[in-house]
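Here's the structure, in structure tokens; my notes come after.
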Amino acid sequence: MKIVMLNTFAQCSAMTDVGHVRANNEDSIAVAGTDAFPLFCWEGELALRHGWALVGDGMGGHVAGEAASQLAIELLRPVMSQLTNSEQVTAALQAVNEALFDIMERHPALAGMGTTIAGVILLGDRALVFNLGDSRVYLHHQHTLTQLSQDDVIGGNMLTQCPGGLDAPAELGPHVQEIGLAPGAALLLCSDGLTDMLTDAEIAALLYSSDSHSAERVVQAALNAGGIDNVSAVVIHIGNLPFPNRPGFKVRLGR
Numbered sequence: 390m391k392i393v394m395l396n397t398f399a400q401c402s403a404m405t406d407v408g409h410v411r412a413n414n415e416d417s418i419a420v421a422g423t424d425a426f427p428l429f430c431w432e433g434e435l436a437l438r439h440g441w442a443l444v445g446d447g448m449g450g451h452v453a454g455e456a457a458s459q460l461a462i463e464l465l466r467p468v469m470s471q472l473t474n475s476e477q478v479t480a481a482l483q484a485v486n487e488a489l490f491d492i493m494e495r496h497p498a499l500a501g502m503g504t505t506i507a508g509v510i511l512l513g514d515r516a517l518v519f520n521l522g523d524s525r526v527y528l529h530h531q532h533t534l535t536q537l538s539q540d541d542v543i544g545g546n547m548l549t550q551c552p553g554g555l556d557a558p559a560e561l562g563p564h565v566q567e568i569g570l571a572p573g574a575a576l577l578l579c580s581d582g583l584t585d586m587l588t589d590a591e592i593a594a595l596l597y598s599s600d601s602h603s604a605e606r607v608v609q610a611a612l613n614a615g616g617i618d619n620v621s622a623v624v625i626h627i628g629n630l631p632f633p634n635r636p637g638f639k640v641r642l643g644r
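Counting in the working numbering, the sequence shown runs from 390 upward without gaps.
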């Protein structure tokens, strides 16, 4: 009789760096595996059921940009593990948008602040993937890198929607999708400080291993390529998956 151990956790690494040019880091990252926030560098495990990760890239000037990404992620962190469908994700992001405008009204020095958001919520053998702005989520599987998120940009670098910003609060249209997960796959969340420095092929080549240094590896590569912006990455490696909706972790094969 052969017993196969199935993981109930995914390996995760996360890192953010100010880069070589900017004085402040306006990116923010957070993962379910730690309560530390702001988070700068982390490695550990995420539960395959309701584990999550977030990346935000703030804008609006040094203080406002840093505040925007941190505030948005702080607002999302307590509810992330409760979100199980696109409607709930959309409602949560809209609530963050309204909260940022409320904060700007009470603190004029933060006027115009906004942030991108990219997120992943693990749901066993599935995942919810969402974004607003140009922070991205990729799927890496069988040596192929596929962008799952949609860039909300026009004219190269002008955002068309994000939480906060210069205009009055409006109804956001987040990009939310549910995907299936396969053993050996990896999910990458990142700010544009990574994707502006590295091609998809270069990123894919750096995700060859499921070790705990994947995020550090891709961030360092972006820094080596110039690091003209803040750089953030969260990498989630999927191992052997449990069967859908099954709490057990052992499977018997053969006799």
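Virtual Cβ for every residue (Gly too), placed ideally from N, Cα, C.
What are the boundary residues of the alpha helix (DSSP H) that glutamine 609 is part of?
-> 603-613
Per-residue DSSP class, three states only, for phenylalanine 429 | coil
For valine 624, is the classification buried or exposed, using 16 other Cβ atoms within 10 angstroms of its Cβ as the cut-off for buried?
-> buried
If you draw a straight line from the C-alpha of phenylalanine 632 to the C-alpha of tyrosine 527, how long is it?
-> Any reading at phenylalanine 632 is ruled out, since the residue's pLDDT is 46, under 50, leaving its predicted position unreliable.
If glycine 616 and histidine 451 are in contact, beta carbons under 8 angstroms, what's the gap, nearest whole angstrom?
-> Actually they are not in contact, since the Cβ atoms of glycine 616 and histidine 451 sit about 17 angstroms apart, beyond 8 angstroms.
Residue from Val608, Gly445, Leu561, Gly454 whose Cα sits closest to the Cα of glycine 501 = Gly454
What residues match up with tyrosine 597 in a beta bridge as DSSP calls it?
-> Paired residues: none, contrary to the question.
Which residues in the same chain as leucine 537 place their Cβ atom closer than 6 angstroms to its Cβ, once the five residues preceding and following it in sequence are excluded?
-> Val518, Val526, Leu528
Contact the segment 571-579 vs the segment 541-559: 3+ CB pairs below 8 angstroms = no
My guess is that leucine 435 and alanine 421 are in contact by the Cβ rule of under 8 angstroms, so how many angstroms apart are they, rounded?
-> 6 angstroms
Cα separation between alanine 442 and proline 497?
-> 30 angstroms
Looking at glycine 440 and serine 417, is the spacing between their C-beta atoms short of 8 angstroms?
-> no
DSSP-derived helix/strand/coil call for leucine 642 = With a pLDDT of only 38 at leucine 642, under 50, the local geometry of the prediction cannot be trusted, and the value read off the model is given with reservation. The answer is strand: DSSP assigns leucine 642 an E or B state.
Which residues in the same chain have their Cβ closer than 8 angstroms to the Cβ of alanine 575, if we skip the five residues on either side of it in sequence?
-> Leu528, His529, His530, Leu596, Ser599, Ser603, Val624, Ile625, His626, Ile627
What whole-angstrom Cβ distance do alanine 461 and valine 485 have, given they're in contact under 8 angstroms?
-> 5 angstroms
Is isoleucine 543 buried or exposed, if buried means 16 or more other CB atoms sit within 10 Å of its CB?
-> exposed
By the 10 Å Cβ neighbour count, where 16 or more other Cβ atoms means buried, how is arginine 606 classified, buried or exposed?
-> buried
Do aspartate 491 and leucine 521 have their C-beta atoms within less than 8 angstroms of each other?
-> no
Unbroken beta strand (DSSP E) run spanning leucine 511, endpoints | 506-512
Have a look at Asp618, Gly447, Ala622, Asp523 and flag the residue whose alpha-carbon is nearest the alpha-carbon of serine 601.
-> Ala622
What does DSSP give as the partner residues of glutamate 434 in its beta bridges?
-> Gln400
Could you check what DSSP says for glutamine 470 in three-state terms: helix, strand or coil?
-> Residue identity differs from the one stated: residue 470 is serine in this sequence, not glutamine. In this structure, serine 470 counts as helix in the three-state DSSP scheme.
Exposed or buried, what is threonine 535 when buried is set at 16 or more other beta-carbons lying within 10 Å of its beta-carbon?
-> exposed
DSSP state of glycine 408, grouped into three classes?
-> coil
Out of Ile592, Leu499, Ala480, Leu612, state which residue places its alpha-carbon closest to the alpha-carbon of glycine 562.
-> Ala480
Does DSSP classify leucine 482 as helix, strand or coil?
-> helix
With distances taken between CB atoms, is the gap from threonine 405 to asparagine 613 smaller than 8 angstroms?
-> no
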